[in-house]
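**Student:**
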Amino acid sequence: MVARLKDVAQLAGVSVKTASNVVNDYPHISPATRTRVQAAIRELRYRPNLSARQLKAGRAGFLTLAVPELETPYFAELASRFTEAATRLGYMLLIEVTGADPAVEQGLLDGMRRHAVDGMIFSPLTVSPDEIRGRVDSVPMVLLGEHTVPDCYDHVAVDSVAACFAMTQHLLVRGRTRIAAIGQQPREGTGSVRLQGYRKALEDHGLQYNPDLVVDVARYGRADGRIAMQDLLALPEPPDAVFCFNDLLALGAIRACIDADVAVPGQVAIAGFDDIQEGQFSNPTLTTISTDLQELAAEALRLLLSRLSDEHRPPVSVTVPWSLLTRESTATAPATRNRSGDSQRLPDDQAIARNRGDDVTLLSQEAYSC
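Residue numbers (the numbering used here): 903 to 1272.
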């Protein structure tokens, strides 16, 4: 027989109201009373009926997280962080994988593919800002991602321009002068946003942007990074550093260097973005930009629940912290020649930054964040 709250109250010798206050973690309960009620809950194995509670509040108790894929470690970890955060808030999270299919993404915007949910967190990849703005479904929605989004919706993202500016500066300060980029794509989105930070850092250091050093990719996978790096190594003058717009591209680039007997970081430094666990165990370990995914999930859910409580409040845009983690793949400066012709190394200075408004300040520390 399933225990009811009434049974808990009777066993603990308190009113149903008091038992309910303990279950809902109300603060104004004496320690002795709280202990008796919690002991009764354990003995009876009582579990609150979240579904009934949510239905009473006019809610289904389900949220949707829509992402392009789960094969990518970044999105897999993101889904895990959202699931944990939603569970703590008493919600079940449904994962919708769009496959970066425009029809699927449009169907989500139109409410044609969703279940009976209270709200949706959506990381779009193919739909345009105008298509998002023209959404007719009334279910509350929070947008994720770096691409341009309409200001009529809540939005949570990392400042990729600042992060990529800092990473490119990190490579420049370490003496790299011919820095390539892997990850540009034809459509507006992650690649175009991250390219802005890369270009700005080059320009600030007086280096001309060279389109021959920017390689487009179809996808952000290991194989794409390997092929792109092979193209860069085949140039008459290969790069001495490569900034890959995600870690999987960087790991593929490292593989291409190993195949070509090119030393990383001795001959070419390689950096990534996302801080997937694989980069901590690669050889060499991977320098990368790390986003606080736990805070990203918490902020997105906070905005969504706030929207459920007040559908008329103004939209909010939240930027979550990032950190630049320096590891072995950018650990040494390139070899140079002194006046006598002997090989020497530039100092292993650390390019460290903190984001302050629109500026990125260089510091001298082991890692940096904003």
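Beta carbons: idealized from backbone N, C-alpha and C, even for Gly.
Computed from a prediction, not measured in an experiment: that's the story for all the values here.
Where does Val1060 sit, in a helix, a strand or coil, going by DSSP?
**Tutor:** Taking the sequence shown and counting its residues from 1, one reaches residue 1060 at position 158. Three-state result, Val1060: strand.
**Student:** Would you report the Cα separation of Arg1096 and Gly992, rounded to the nearest angstrom?
**Tutor:** The sequence position of residue 1096 within the sequence shown is 194, counting from 1. The sequence position of residue 992 within the sequence shown is 90, counting from 1. Approximately 36 Å, taken between the alpha carbons.
**Student:** Would you mind reading off the limits of the beta strand (DSSP E) that contains Asp1118?
**Tutor:** Looking up residue 1118 in the sequence shown gives position 216. Per DSSP, the unbroken beta strand (DSSP E) holding Asp1118 starts and ends at Val1116 to Asp1118.
**Student:** Could you pull out every unbroken alpha helix (DSSP H) segment of at least 4 residues lying fully inside the segment 1006-1092, listed in chain order?
**Tutor:** 1031-1035 and 1062-1075
**Student:** Answer with buried or exposed for Glu1268, where buried requires no fewer than 16 other C-beta atoms within 10 angstroms of its C-beta.
**Tutor:** Numbered from its first residue, the sequence shown carries residue 1268 at position 366. Below a pLDDT of 50, predicted positions are generally treated as unreliable, and Glu1268, at 39, falls in that range; the measurement from the model is reported next regardless. It is exposed - the Cβ of Glu1268 has fewer than 16 other Cβ atoms within 10 Å.
**Student:** Go ahead and pull the three-state DSSP assignment for Phe984.
**Tutor:** Along the sequence shown, read from residue 1 onward, the residue named residue 984 stands at position 82. Three-state result, Phe984: helix.
**Student:** Please tell me whether Ser1184 and Leu1227 are closer than 7 Å, where the distance is taken between their beta carbons.
**Tutor:** As a working mapping, residue 1184 is identified with position 282 in the sequence shown. As a working mapping, residue 1227 is identified with position 325 in the sequence shown. Their beta carbons are not under 7 Å apart, which means Ser1184 does not touch Leu1227 by this criterion.
**Student:** In this structure, does DSSP put Ala1002 in helix, strand or coil?
**Tutor:** Working through the sequence shown from its first residue, we reach residue 1002 at position 100. If DSSP states are grouped into helix, strand and coil, Ala1002 belongs with coil.
**Student:** In terms of DSSP beta bridges, what is Cys1146 paired with?
**Tutor:** Residue mapping note: residue 1146 aligns to position 244 of the sequence shown, counting from 1. Its beta-bridge partners are Ile1084.
**Student:** Taking the C-alpha atoms as reference points, what is the distance between Leu972 and Leu1210?
**Tutor:** Locating residue 972 in the sequence shown gives position 70, where the first residue counts as 1. Locating residue 1210 in the sequence shown gives position 308, where the first residue counts as 1. Whole-angstrom Cα-Cα distance: 27 Å.
**Student:** Using the DSSP secondary-structure output, state which residues sit across from Ile997 in a beta bridge.
**Tutor:** If you number the sequence shown from 1, residue 997 lands on position 95. Looking at the DSSP assignment, Ile997 forms a beta bridge with Leu967.
**Student:** Do the segment 1163-1176 and the segment 1139-1146 meet, that is, are 3 or more Cβ pairs less than 8 Å apart?
**Tutor:** yes
**Student:** If I'm right that Gly1127 touches Ile1084 with Cβ under 8 Å, what's the distance once you round it to whole angstroms?
**Tutor:** Taking the first residue of the sequence shown as 1, we reach residue 1127 at position 225. Taking the first residue of the sequence shown as 1, we reach residue 1084 at position 182. Going by Cβ atoms, the distance from Gly1127 to Ile1084 rounds to 6 Å, so yes, they are a contact pair.
**Student:** Between the segment 1216-1223 and the segment 1049-1058, do three or more beta carbon pairs fall short of 8 Å?
**Tutor:** yes
**Student:** Assuming Leu1198 and Val1222 form a contact by the criterion Cβ under 8 Å, report the distance between their Cβ atoms to the nearest whole angstrom.
**Tutor:** Numbered from 1 along the sequence shown, position 296 holds the residue referred to as residue 1198. Numbered from 1 along the sequence shown, position 320 holds the residue referred to as residue 1222. About 5 Å separates the two Cβ atoms, so the contact holds.
**Student:** I'd like the list of long-range same chain contacts for Leu1010, defined as Cβ closer than 6 Å, with 5 residues on each side in sequence excluded.
**Tutor:** Locating residue 1010 in the sequence shown gives position 108, counting from the first residue. Only Ala968 meet the Cβ criterion.
**Student:** Name the residue from Arg1078, Ile1034, Thr1028 and Ala1103 whose alpha carbon lies nearest to the alpha carbon of Pro970.
**Tutor:** Position 68 of the sequence shown, counted from the first residue, corresponds to residue 970. Of the candidates Arg1078, Ile1034, Thr1028 and Ala1103, the one whose C-alpha sits nearest the C-alpha of Pro970 is Thr1028.
**Student:** With respect to the alpha helix (DSSP H) encompassing Ile1172, which residues constitute its N-terminal and C-terminal limits?
**Tutor:** To locate residue 1172, count along the sequence shown from 1; it is residue 270. DSSP places Ile1172 outside any alpha helix (DSSP H); the residue lies instead in the beta strand (DSSP E), whose first and last residues are Ala1171 to Ala1173.
**Student:** What does the Cβ neighbour count give for Ala1136, buried or exposed, with the cut at 16 atoms within 10 Å?
**Tutor:** If you number the sequence shown from 1, residue 1136 lands on position 234. Burial call: exposed.
**Student:** Would you be able to state if there are at least three C-beta pairs under 8 Å between the segment 1143-1163 and the segment 1073-1092?
**Tutor:** yes
**Student:** May I ask you to list the residues that DSSP assigns as paired with Ser1211?
**Tutor:** Position 309 of the sequence shown holds residue 1211. Secondary-structure assignment with DSSP links Ser1211 through no beta bridge to anything.
**Student:** Alpha carbon to alpha carbon, how far is Lys919 from Ala1064? Give it in angstroms, no decimals.
**Tutor:** Locating residue 1064 in the sequence shown gives position 162, counting from the first residue. Locating residue 919 in the sequence shown gives position 17, counting from the first residue. In a straight line, the C-alpha of Ala1064 is about 52 Å away from that of Lys919.
**Student:** Would you check if there are 3 or more beta carbon pairs closer than 8 Å linking the segment 1068-1085 to the segment 1099-1114?
**Tutor:** yes
**Student:** Taking the alpha-carbon of Asp909 as reference, which of Glu945, Ile931 and Ala934 has the nearest alpha-carbon?
**Tutor:** Counting from 1 along the sequence shown, the entry for residue 909 is found at position 7. Nearest option by C-alpha distance: Glu945.
**Student:** Secondary structure at Val1095, three-state DSSP: helix, strand or coil?
**Tutor:** Your numbering for residue 1095 matches position 193 in the sequence shown. Helix, per DSSP.
**Student:** Enumerated in chain order, which unbroken segments of the beta strand (DSSP E) with a length of 3 residues or greater are wholly contained in the segment 1150-1198?
**Tutor:** With a minimum length of 3 residues, the continuous beta strand (DSSP E) runs that stay inside the segment 1150-1198 are 1171-1173 and 1190-1193.
**Student:** At what residues does the alpha helix (DSSP H) containing Val918 begin and finish?
**Tutor:** Residue mapping note: residue 918 aligns to position 16 of the sequence shown, counting from 1. Where Val918 is concerned, the enclosing alpha helix (DSSP H) stretches over Val918 to Val925.
**Student:** Can you give me the C-alpha to C-alpha distance between Leu1115 and Leu1134, rounded to a whole angstrom?
**Tutor:** Your numbering for residue 1115 matches position 213 in the sequence shown. Your numbering for residue 1134 matches position 232 in the sequence shown. Answer to the nearest angstrom: the Cα atoms are 7 Å apart.
**Student:** Return the CA-CA distance between Glu1139 and Ala981, expressed in angstroms with no decimal places.
**Tutor:** As a working note, residue 1139 is residue 237 in the sequence shown. As a working note, residue 981 is residue 79 in the sequence shown. Answer to the nearest angstrom: the Cα atoms are 41 Å apart.
**Student:** Alpha helix (DSSP H) containing Thr937: first to last residue?
**Tutor:** In the sequence shown, the residue the question calls residue 937 occupies position 35. Its alpha helix (DSSP H) spans residues Pro933 to Leu946.
**Student:** Taking DSSP's pairing of strands, which residues face Ser1231 in a bridge?
**Tutor:** Taking the sequence shown and counting its residues from 1, one reaches residue 1231 at position 329. Beta-bridge pairing links Ser1231 to no other residue.
**Student:** Given this structure, state the Cα-to-Cα distance separating Ala1018 from Val1041, to the nearest angstrom.
**Tutor:** Against the sequence shown, residue 1018 aligns to sequence position 116. Against the sequence shown, residue 1041 aligns to sequence position 139. Roughly 10 Å between the two C-alpha positions.
**Student:** What is the DSSP secondary structure of Val1220, counted as helix, strand or coil?
**Tutor:** Counted from its first residue, the sequence shown places residue 1220 at position 318. DSSP places Val1220 in strand when its eight states are reduced to three.
**Student:** Would you mind working out which of Arg1078, Trp1224, Pro975 and Val1044 sits nearest Thr1234, comparing C-alpha positions?
**Tutor:** The sequence position of residue 1234 within the sequence shown is 332, counting from 1. Of the candidates Arg1078, Trp1224, Pro975 and Val1044, the one whose C-alpha sits nearest the C-alpha of Thr1234 is Arg1078.
**Student:** From Tyr948, Arg947, Val924 and Tyr928, pick the residue whose C-alpha is nearest to that of Thr937; which is it?
**Tutor:** Translated into the one-based positions of the sequence shown, residue 937 becomes position 35. Comparing Cα-Cα distances from Thr937 to each of Tyr948, Arg947, Val924 and Tyr928, the minimum goes to Val924.
**Student:** Work out the CA separation of Pro975 and Met1131 for me, nearest whole Å.
**Tutor:** The residue labelled residue 1131 in the question sits at position 229 within the sequence shown. The residue labelled residue 975 in the question sits at position 73 within the sequence shown. Distance between the alpha carbons of Met1131 and Pro975 is about 21 Å.
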